[in-house]
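Residue 1 is where the sequence shown starts when you use full-length UniProt numbering, and the numbers rise one by one after that. No residue lacks a Cβ here, since even glycine has one placed at the ideal position from N, Cα and C. Since this is a predicted model, take the numbers as computed values, not measurements. I have placed the structure first, in the form of structure tokens, so that the comments after it can refer back to it.
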Amino acid sequence: MCNLSRLRRLPGIRDRPGLDVFSDVVVVVLGVLLSVQTATQHRAMFRPLDGVTVTVLALVGASLVFRRRAPMTVAWLTTGLTVVLLVVEYVAPGTLLHTSGDISVEPLIWWPPTAPFAAYAVMSFDKGGRPPWVRGIPVVVLVVAVILTTRVMPDAVVQPIRGQETDASAALIYRSVLFPVVGALIGLYVSARRGVVRGLRDRAERAEREQHLLAEQARAEERARLAAEMHDVVAHRVTLMVLQAGALRVQAPDDGTRAAAEELRSTGCQALDELRDVIGLLRRTTEGPDEEAGAHGPLPDLSALIAESDSVGVPVELVEEGDPPLASPVVGRTAFRIVQEALTNVRKHAPGARVRVDVSYRTDGVRLAVRNTPPALPADADLAASGSGTGLVGLQQRVELIGGTFHSGPAPDGGFSVEASLPAYVPTSAPEKVPVNAVGPRSGQSEPSGEEVA
């Protein structure tokens, strides 16, 4: 299997804008200098005066600045200049070049010095999806024009050179054909290599995506299995407990027993509500969200938790900001659990500490922050050791499961902070429903909860 990190280290894979700009500057400067040097070195060869030849060749060299954006245009510009020169000299010898026998034209290259760079660019940088044979048309036209011209007009230009005992035809073909062709072949190689590496990278990315999808599928299947187990086993057992508590309540001979049975039944109903949320969240990734199962409602009132904490000697300052939005029931219960767990930890680990609960309501969610000062008294060892020690970890997983963020840790002043950001709405799949009130109330008695649970 391809390793994506190794592929990214290969040349041509990483983004190198700085190096690209540097190479473009070097190529443009080199093209302009070679063009000017060619025109000035062979000034006696060219007829145009007042620097026209120098200007034209310099502009062609400067056109290399567009070799990445418009390589085909640059290639045709270079080819066109060469073809015009050769055709004009063929039709009207001596129009653009001096052809007297005492002028050596052997060193002259019959193409602008930008030709190899343009040939490389058109074969390497063209992003129009053209096949190589289409991109190579300007190079082929240039080569054919040079070969035909040197063959059909020997008397106009080649004869003076031959008079100096120089194999002008071979020299012209060598210089005018070899360099552009070599540039085109190098560009074709670079383009092919870039395509191969790009294909390997795409293949590696596809493999990574497939691995990610397989892992997600495995997690979804595990969640579905857990949801089924919770529904078939845990929810069933708790439902039986609730039903038995309801039966005990309606059949109890005294008020104390009825009150205890009612508290047990209410606690069981609350546990079933929370269990339904968990099952719905587990099923959400496998069965898709159910809009009706996540109906909006008011967030729970935290004042009961604050009063409970005050009653056991842990004063809490509650600061609320904004208007409480309507939220999914699972969000409200998660917010309640966060504050409850944080206050419980303060009572266990930081006796005598001052606690501040900040609740910021927003239209798209709620942000909670529970912070306490350093403990004023040593913690009770037995009380601090009680519990599973996984309360905060479980809260973090629960918050992340509904799409929120969670953070807990020591505060700079030596205290401790618990912070969470929860979305207002979380869709959950609607699980199968089991009636709680299979044992109905006796006449004259009301049933506190008639909802159905998973």
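Cβ-based burial, residue i [other Cβ within 10 Å; buried from 16]
| i | result |
| --- | --- |
| SER63 | buried |
| LEU214 | exposed |
| ALA227 | buried |
| residue 462 | This structure does not reach residue 462, given that the chain is present from 1 up to 454, and the question cannot be answered. |
| ASP323 | exposed |
| residue 461 | Only positions 1 to 454 of the chain appear in this structure, which leaves residue 461 out of reach. |
| ARG130 | exposed |
| ALA350 | buried |
| LEU240 | exposed |
| THR79 | buried |
| PRO329 | buried |
| residue 459 | Any property of residue 459 remains undetermined from this structure, which presents the chain solely from 1 to 454. |
| ASP277 | buried |
| ARG198 | exposed |
CA-to-CA distance, residue j to residue i, given in whole angstroms
| i | j | result |
| --- | --- | --- |
| ALA119 | LEU200 | 27 Å |
| ALA235 | LEU282 | 14 Å |
| ARG205 | VAL139 | The sequence as given places Glu at residue 205; Arg does not occur at that position. Roughly 36 Å separates the two Cα atoms. |
| LEU19 | VAL26 | 11 Å |
| PHE416 | LEU343 | 11 Å |
| VAL29 | THR405 | 54 Å |
| THR373 | GLY391 | 20 Å |
| GLN211 | GLY195 | 24 Å |
| PRO71 | VAL177 | 19 Å |
| PRO300 | GLY332 | 6 Å |
| ASP310 | MET230 | 36 Å |
| MET123 | ARG69 | 13 Å |
| VAL91 | VAL144 | 17 Å |
| residue 458 | ALA411 | A question about residue 458 goes unanswered here, because the residues of the chain that appear run from 1 up to 454. |
| ALA220 | ALA207 | 20 Å |
| THR257 | GLU274 | 26 Å |
| ARG362 | VAL426 | 15 Å |
| ARG203 | ARG193 | 15 Å |
| VAL88 | LEU148 | 13 Å |
| ILE306 | ILE402 | 25 Å |
| ALA259 | GLN251 | 12 Å |
| GLU400 | ASN345 | 21 Å |
| LEU81 | PHE125 | 21 Å |
Per DSSP, the bridge partner or partners of residue i
| i | result |
| --- | --- |
| HIS407 | GLU419 |
| LEU178 | None, per the DSSP bridge assignment. |
| LEU318 | VAL357 |
| VAL366 | TYR361, LEU422 |
| ASN372 | VAL355, PHE416 |
Any non-hydrogen atom of the ligand GDP closer than 7 Å to residue i Cβ
| i | result |
| --- | --- |
| LEU33 | Of the ligands one can find in the structure shown there are none, so the ligand GDP has no counterpart to examine. |
Short Cβ contact (8 Å threshold) for residue i with residue j
| i | j | result |
| --- | --- | --- |
| VAL359 | GLU320 | yes |
| GLU341 | LEU395 | yes |
| LEU77 | VAL60 | yes |
| PHE179 | PRO116 | yes |
| PHE66 | VAL56 | no |
| VAL314 | ARG347 | yes |
| ALA245 | LEU264 | yes |
| ALA271 | VAL238 | yes |
| SER421 | ARG356 | no |
| VAL233 | CYS269 | no |
| GLY183 | PRO113 | no |
| LEU318 | LEU302 | yes |
Residue-level contact to chain D via CB, residue i, 8 Å cutoff
| i | result |
| --- | --- |
| ASP254 | The structure shown contains no chain D; it is built from a single protein chain. |
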